[in-house]
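In this note's numbering, the protein residues as written are 4 to 206.
Cβ coordinates follow ideal geometry from the N, Cα and C atoms, glycine included.
These notes concern the structure reproduced below.
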C-alpha cells in the first residue's frame, strides 16, 4: 500500500476511483453515442462527474468535505476523455468547491495493472477502516470479476454495528449484491459528457 494514501487527510466522504477503467468507459460512451445521436461529444467535465457521483452516493447540498482518490497506472499521466485531465499538473492536490461542499483530489500511480488489482481493494480496506469516513463511493473495474468479487468481499466484512458507513458501488449494470448500495455508472458519465436523455429518446 502506497504510504501517501496511508497518510491521507481523511474526509467524512471519500470517492475511490479506478481512473483507468472510468476513462475507458467514458471513451466507449463517446464513441457509441456520437454514432447514435449524430453529433460530436466533448470530453467529460470531471468536476460535474464527481458531483453526480456524490449525489448518487447520498451527498446533498451543504458544507461537506469529500476526498476523491484516483488510482491509475504509472504509465498513464492523464485521463484521455476528461477535462481537466493531467494527474500531476491539473488534478493531484487540487480542490474545487460548489453547492455540495469542497472536493479535494488525490491521484495515486501504481506500477502495473497486475499490482493494481490488489492495490484497489487494499485502498478500499484502508478507507473503510477510518473512523472519520462515514460515506464511501466506490468505482472499481466491475467488468473484472476478480476485482469486483474482492471489492464485495471487503465490503461484506465490514461490521456495520460498530462503525456504520453508507457505501455505494458504481458499475455499468446491476451486479451481484452485498453489504452496499448500487448505482449505474453510466448515468453520471452521460451527464458529465453532456448527453441528454431527450437526445436518446428521439433516436
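Grouping DSSP H, G and I as helix and E and B as strand, with all else coil, what is residue 186? In the structure shown, residue 186 adopts extended strand secondary structure according to DSSP, grouped into three states.
Apart from the five residues just before and just after residue 77, which ones in its own chain have a Cβ nearer than 7 angstroms to its Cβ? Scanning its chain for C-beta atoms nearer than 7 angstroms, with the 5 sequence neighbours on each side dropped, one finds around residue 77 the residues 112, 113 and 114, in chain order.
Helix or strand or just coil, what does DSSP make of residue 141? It is a strand residue.
Is it the case that the Cβ atoms of residue 161 and residue 147 are separated by a distance below 7 angstroms? Their beta carbons are not under 7 angstroms apart, which means residue 161 does not touch residue 147 by this criterion.
Residue span of the beta strand (DSSP E) that contains residue 100, given as start and end: 98-101 is the span of the beta strand (DSSP E), which, as asked, contains residue 100.
Within its chain, find whatever has a CB closer than 7 angstroms to the CB of residue 7; leave out the 5 residues flanking it on each side and keep chain order. Once the five neighbours on either side are set aside, the close Cβ partners of residue 7 are 111.
Residue 70 bridges to which residues according to DSSP? For residue 70, which the question treats as bridged, DSSP gives the partners 17 and 107.
How is the alpha helix (DSSP H) around residue 22 delimited, first residue to last? Segment 22-40, the alpha helix (DSSP H) holding residue 22.
May I ask you to report which of helix, strand or coil DSSP gives residue 80? Here residue 80 sits in coil by DSSP.
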